[in-house]
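If you use my numbering, the sequence shown corresponds to residues 3 to 241, in order.
Below you'll find the structure, written out as structure tokens, and then a few comments.
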Amino acid sequence: MRKYFENLYKKDCKAFYSELEQWVKTEQKKFIITANPEIFMQGEKDSAVNQMLSDSAVTTVADGIGIVKCAKLLNIDIPERIPGVEVSEKLLQIANENSSSLFLFGAKRDILEALCRVISEKFPNINIVGCEDGYTEDKDGVFEQIKTLSPDIVLVALGVPAQEKLIYKHLSDFKKGIFVGVGGSFDVLSGAKARAPKFFIKCNIEWLYRILKEPSRLKRFYNSNVKFIFAVKRESKIK
Ligand code: UDP
């Protein structure tokens, strides 16, 4: 797992957002993973996830505080979290400033429709070239549609790691585009779900808020985060 940490983006949010802006302006092709312990644990079991987390062409930022803290155990300095939902928000701002084209893929239909309305109101310069909810059977087919549209930005909200696996599978067929797996961000950006109050965000316990609001997440949290800490501790003892 050490190699996943070594491959992480190691600068702060400010530097990342400035690079993100440049990538959009210069029409680069970039795949951004906003990593939490869950995807690092999946990398140990799933070869496609292992490959993308080890790929230096993929930009992996530390979304979860667990990643930031555990990096320290391995003597790798990650200055701060770069939360996935903030990456999505920032990308929308940048897209608005640059009149970029956008494709939205994922979440439930009503959430997606609400998000399109929010974007049209708050970011009127964004050109939404297409959107598809995340419950369609033929997800590869949606990517075929995205290829013909060649948008500047593609946000995929299907949950970890399905969203990342789908992007990675099709990435080589694109010449440009910023691709991000954004998890539950559509739910938040559409206004359907509230993000944690500032106190939780500031204290880096946004994960606790999500469990309190949705106790069904507890099992998922244990399976990924608690086991993750033990896995990193074991690794930190191997020289
Ligand atoms: N989702 C989807 N299709 C699926 C499964 C999930 O579109 O087959 C969506 C779901 O509606 C939600 C997002 O994927 O909007 C995942 O949200 P979650 O909060 O679980 O993601 P996290 O940020 O915790 O990875």
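Even for Gly, the Cβ is constructed at its ideal location relative to N, Cα and C.
Give the single residue among P85, E115 and I78 whose Cα lies nearest to the Cα of G66. Cα-wise, what sits closest to G66 is P85.
Give the C-beta separation of V1 and P153 to the nearest angstrom, bearing in mind that I take them to be a contact with Cβ-Cβ under 8 Å. It is not possible to answer for residue 1, since the shown part of the chain is limited to 3 through 241.
Apply the 10 Å Cβ neighbour rule to T62 and answer buried if 16 or more other Cβ atoms are within range, or exposed otherwise. So T62 ends up on the buried side.
Straight-line gap, Q30 to S103 (C-alpha atoms, nearest Å): Rounded to the nearest whole angstrom, the C-alpha separation of Q30 and S103 is 14 Å.
Using 8 Å as the threshold, is the C-beta distance between L160 and L173 below it? Result no, Cβ atoms of L160 and L173 do not sit closer than 8 Å.
If we count the other Cβ atoms within 10 Å of its Cβ and call it buried at 16 or more, is V228 buried or exposed? Classification for V228: exposed.
Report whether the distance from the Cβ of L55 to the nearest heavy atom of the ligand UDP is below 7 Å. Between the ligand UDP and the CB of L55, the shortest heavy atom gap is not smaller than 7 Å.
Residues near Q147 by beta carbon distance below 7 Å, same chain, minus five either side: Here Q147 has G132 as same chain residues with Cβ atoms under 7 Å from its own Cβ, once five neighbours each way along the sequence are excluded.
Could you give the distance in angstroms between the alpha-carbon of K124 and the alpha-carbon of Y11? Taken atom to atom, the span from the alpha-carbon of K124 to that of Y11 is near 29 Å.
Neighbourhood of V190 by C-beta, 6 Å cutoff - its chain only, sequence neighbours within 5 removed: A distance below 6 Å between beta-carbons, with the five flanking residues on each side excluded, links V190 to the following residues of its chain, in chain order: V87 and R197.
Measuring only from the beta carbon, is F188 closer than 7 Å to any heavy atom that is part of the ligand UDP? In this structure, the C-beta of F188 approaches the ligand UDP to less than 7 Å from one of its heavy atoms.
Rounded to the nearest angstrom, how far is the Cβ of I256 from that of V60, given a contact under 8 Å? Residue 256 falls outside the range modelled here, since the chain spans only 3 to 241, and no answer is possible.
Boundaries (first-last residue) of the alpha helix (DSSP H) holding F223: Going by DSSP, F223 is part of the alpha helix (DSSP H) stretching over R219 to F223.
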